[in-house]
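Single-structure report; data block below.
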Amino acid sequence: MSDNGLIGTDHVPKDLLAKITGRAKYAEDFRADGMVFAKLLLSPVPRGRVRSLDVRAAMDMEGVLGVLTPDDVPSISGATEPILANEPLYQGQPIAAVAAVDETTAAEAVERLRLDIQRLPFALDPVESLRPGGPNGRDGGNVMKDGEVDTLKWSSAEISRFESDTFPDDLPVTDEWSVGDLEAAFAASDLVIEEAMVYQSQTHHPLESRSAMAYWRNGRVFIHCSTQSVSQTRRAFAGYLDMDEEDVVVISEFCGGAFGSKIRGSLSDMIPALLSQKVGRPVMRRVTRDEETAFGRARPGLQGWIKIGFRSDGKVLALDSLMIQDNGPFGRSGDMVMFGNVLSLAYQPEAMRHRATSVFTNTPPRSAQRAPGGLQGSAMVEPLLDRAARELGVDRMAMMKLNAPQGRARFGPNQNELTSAFVHEAVDRAVELFGWNEKKEWNGRANGSKVTGVGVGFAPFVGGSSGFDGLILIRPDGKLYIHQGIGNLGTHSMLDTARAANDVLQHPWDDTEVVWGDTGKGLPWSSTQSGSQTTHAHTRANHAAAHALREKLQEIAAGDLGGSAGDYDVAQGRVFRRGSPGTGLTFAQAAERAIALGGRYSGEELPDDLDPMTVHAVRRMVGEGLISAVKDPYSHDGSTWSSVITCCVVEVDQETGVVEMKEIVSVTDCGTVLNPRSLEAQVHGGVIQGMSSALLERWAFDPRWGANSNKRFYTAKPITILDVPSRPLEFAALDMADPETPVGARGVGEPPVGAGAAALISAITGALGGRYLNRTPITPDKIVALLEGSRTGYGRMQTHV
Amino acid sequence: MSILDILSADRSVSRRTFIKGVIAAGATASSASYLFRGPGVARAQGAPGAVERLLTLNVNGQDRRVDVLPQETLAMTLRYKLGLTGTKLGCDRAECGACSVLVDGVPHYACSVLTHQVRNRRITTIEGLASSDGDLHPVQQAVYDEAGFQCAFCAPGFIMTMVGALQVNPNPTRAEMAQALSGNLCRCADYDKILDSAMRAAEYSRPQA
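So the protein lines, in turn, are chains C and S. The opening residue of the first sequence carries number 148 in the numbering used here; numbering runs sequentially from there. The opening residue of the second sequence carries number 7 in the numbering used here; numbering runs sequentially from there.
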């Protein structure tokens, strides 16, 4: 995009040195004078009502400073989540917190809290709750309808239809949309495939749990936490605490993983904040791995049916989906909505119906997890396209291209239009890079008890939002300061998106400071670092702020040195007269001039459309340099999505059911590439994480007590380094610019998980001669049971097994 | 003996040894590693075996005097008494390896080693790898040059394990290196780049011909 050329080149992230020398401080690494510790009383029951909570014995202990109870926290309404619960809705929900001089004392005091709790009926499996007389997850019902808690029950006959072996046509649901003439499209189909499927719920399990430390000073609260998005977390915390956001300081320079579980920090971060207020000491609240499983977040499971009609050449004509979502206890997760949108976009059916209901369960709370709904959709439906390709005798990649969204494809209930898609090019690249035409012949090849499987997965997901603020200044030291309100997840987008500003200003990266991770430093209003928004939203915001800064530099130079602003150029830390490079100002001089000029140069006057958080940030640095604060002004016509295609080779041992990954190749269409090396790592990591989801991670509940037995890594084991092919993974990015954004870059955090999971399941299906595994995670016992045709011990639609 | 034999032998017994040690100290495993008692309160309550004892630890080449409880884990001593927060706690139960440090050059999970067990041993943490003038250890340099890790919460543990592994096998294959690192989890699943970094680390660590 410019001669400076930072966009599209590898760089070592400025924060890497801190990460590899142990200097990077994550939330639990901070200490404050007089800091004390908190431990939590968690609900022992999956659903109950606190009759009484006697704190006296705990308070009498030496070293105990205070107890925070549900009466001390803001009340909530509707199906929202409380900070502490009088009526817990899942086992492990925080009820109270004790602050003490050390953790041992706090834990012992928690043991001395006298909790009298009434057990209430609970629901673990959504389908159980839909049965006649089945338990409801909440008072007043088991579903949300039109924003209210409502009750939905199916008759015994309807439950039977859902659990039978044919697609259930007419079941009552809360949500439904359709486009086109579904009946006609199925009638025109040459092949119709219908299949039941269950995708499991699973904990995000970032390696850094959501530990947090908080303290108060002069009416302001300082919260050291782990969050995906710093500015958005500040606003959320201010809302929880009913405070002015100026009085809330969020510090999170490094986030040790989140994957959607810490989008705006954590509600539980309010526990140390409120406890600190109560006891008048800084409070560290550490979160154990068991606790992370309880009140960390999880992906909602989906269970239901898919029916697809194909033309003889493999074109998807009709798609009918029915999904029941395991919602957990609060709000309503968006997975089931995105599930429908992703399928609509991925296969471009002529007619489609999507029906869904989210059912409250007394299981850990949900949030978006990397490609929410998209992972489940791609993982479970791509293998059905595999089957169709096999039955119709068409090439799978040709079929992918035939159905793929291309250009300004439309999708979903409102038939929104994409900004761009280059999936045809991505398919061609994947065929070539993987050697598809040769390797597809390996499917089913046996070597002793091991059979080779070759699979491919295509996964699109949302890749960008717009409309946020950029904030850049030049200080009298001549350096460029780029302020970022987004988080620092390790995707490097916190740095990569800043480089958009450098290219506009032709400014060297070494003379640039990126300011992030502490709202006390003055951070602008930013997107959440979720939904793969950041790359798109903040290349735009920084690009715009840099352009405005450039104009101001030109105006200052013209004012001082004569001529018009258009006569001046900006590069290498100077603004200079075109054709006469000796005539100009250094950035340092321009910053001094801006301070002297005041007004719109020094931050005294700001555009009207800035978010109040950005305005507040600038107010604190008025007169410190040449300041540019701008709201993203660029048009954004269409919906921005990226996609990944992953091909893989596996070996399935037919005797043990063990799956071994042999090769993985991924190709992405995510617009202009910002940082090739980082992008590759991001895609590979996502692909492997998706495979982990499809293969390994799960919950299992004790049906009598509602207790989750898979709380730790050894029981809900994520993928390890030994599961990854020992030969390096291969990768290509199309690097084709999205025309609806100035830098051309879209986000790509989400799509790889769906592509990885889909490729893996397709490859396993291929190895098993096309026999489809309709339930994740695909653990060895399921493969062996399928091969032997043995009974599984659980129902067709049962979850958490 | 391969890297795997040495590392897995050490790892496989460490948790059991740890629990035995904790039991001997009169505390339960669950309270030992995640909870610790500060001075004053413990004595006031007279909990048996909960008295701190002053001992000398050799950490990153320096002798450090520190008061340690019988049930205190090395991770807690490092993080909360010596200010060495580079050693991370990801699970506190020997499942993830984020707390890996070197004890006499061999990787150990610091969450599952009692501090009392490592008196008179050489402990190296992530803070002790770079030279005092700031030169990175060859393993750190390799990770830096590969721009390794994403969220990097697992990075200190992986790097310490790489250092230990390369001392045992300076010429590992990619598969051998994966085996050596298999006691460490990366939830970002950035394993491909971690292996790239580790193989580059092997290259940097070999004496130049």
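C-beta: ideal position from N, C-alpha, C; glycine also.
The Cβ neighbour count for residue 77 (chain S), taken over all protein chains shown within 10 Å, is at least 16; the residue is labelled buried. Of all residues in the segment 829–859 of chain C, only 831, 832, 835, 836, 839, 859 place a beta-carbon less than 7 angstroms from a beta-carbon of chain S. Every alpha helix (DSSP H) stretch that sits fully inside the segment 715–802 of chain C and reaches 4 residues is listed by chain position as 734–744, 746–749, 759–766. The continuous alpha helix (DSSP H) containing residue 150 (chain S) extends over residues 144–152. An exposed status is given to residue 869 (chain C), since fewer than 16 other beta-carbon atoms sit within 10 Å of its beta-carbon.
Here residue 202 (chain S) has 152 as same chain residues with Cβ atoms under 6 angstroms from its own Cβ, once five neighbours each way along the sequence are excluded.
Separation of the CB atoms of residue 250 (chain C) and residue 177 (chain C) is rounded to 16 angstroms, and the pair is thereby denied contact status at 8 angstroms.
Here the segment 712–722 of chain C does not lie against the segment 437–452 of chain C, with fewer than 3 beta-carbon pairs under 8 angstroms apart.
Taking 8 angstroms as the cut-off, the beta carbon of residue 872 (chain C) is found closer than this to the beta carbon of residue 811 (chain C).
With contact defined as three or more Cβ pairs closer than 8 angstroms, the segment 800–819 of chain C and the segment 926–938 of chain C are in contact. When beta bridges are read from the DSSP output, residue 518 (chain C) appears opposite no residue. By the beta-carbon neighbour count (other beta carbons within 10 angstroms, threshold 16), residue 788 (chain C) is buried. For residue 195 (chain S), the nearest CB of chain C lies under 8 angstroms from its own CB, placing it at the interface with that chain. Distances from the alpha-carbon of residue 708 (chain C) to those of C:696, C:723, C:763 put C:723 closest.
Secondary structure note for residue 546 (chain C): it is in no beta strand (DSSP E), and the uninterrupted alpha helix (DSSP H) holding it is 543–550.
For residue 313 (chain C), the number of other beta carbons within 10 angstroms of its own is below 16, and it is reported as exposed. Measuring C-alpha to C-alpha distances from residue 226 (chain C) to each of C:294, C:883, C:777, C:264 identifies C:294 as the nearest.
By the C-beta criterion, the segment 489–497 of chain C is judged not to be in contact with the segment 365–374 of chain C, since fewer than 3 inter-stretch pairs fall below 8 angstroms. Neighbours of residue 352 (chain C) in chain S, taken as residues whose beta carbon is under 8 angstroms from its own, are 193 in chain order. If you draw a 10 Å sphere on the C-beta of residue 223 (chain C), you find fewer than 16 other C-beta atoms in it, and that means exposed. For residue 633 (chain C), no Cβ of chain S is located within less than 8 angstroms of the residue's own Cβ. Assignment of residue 563 (chain C) by DSSP, reduced to helix, strand and coil, places it in the strand class.
Interface with chain C (8 angstroms Cβ-Cβ cutoff): residue 101 (chain S) is included.
The residue from S:111, S:177, S:66, S:59 with its alpha-carbon nearest to that of residue 212 (chain S) is S:177. Residue 323 (chain C): member of the beta strand (DSSP E) spanning 322–326, first to last residue. Membership of residue 64 (chain S) in the beta strand (DSSP E) is indicated by the continuous run 59–65. Here the C-alpha atom of residue 647 (chain C) lies approximately 16 angstroms from the C-alpha atom of residue 698 (chain C). Not one beta carbon of chain S lies nearer than 8 angstroms to the beta carbon of residue 258 (chain C). Residue contact check for residue 185 (chain S) against chain C: a CB pair falls below 8 angstroms. Per DSSP, the continuous alpha helix (DSSP H) segment holding residue 833 (chain C) begins and ends at 823–842. Beta-bridge pairing by DSSP links residue 617 (chain C) to C:777. Legend: CB atoms of the segment 171–201 of chain C lying less than 9 angstroms from CB atoms of chain S belong to residues 171, 172, 173, 175, 176, 177, 178, 184, 186.
Residue contact check for residue 524 (chain C) against chain S: no CB pair falls below 8 angstroms. Secondary-structure assignment with DSSP links residue 217 (chain C) through no beta bridge to anything. Residue state for residue 178 (chain S) is assigned as coil, using DSSP reduced to three classes. Beta-bridge partners of residue 513 (chain C) (DSSP): C:445.
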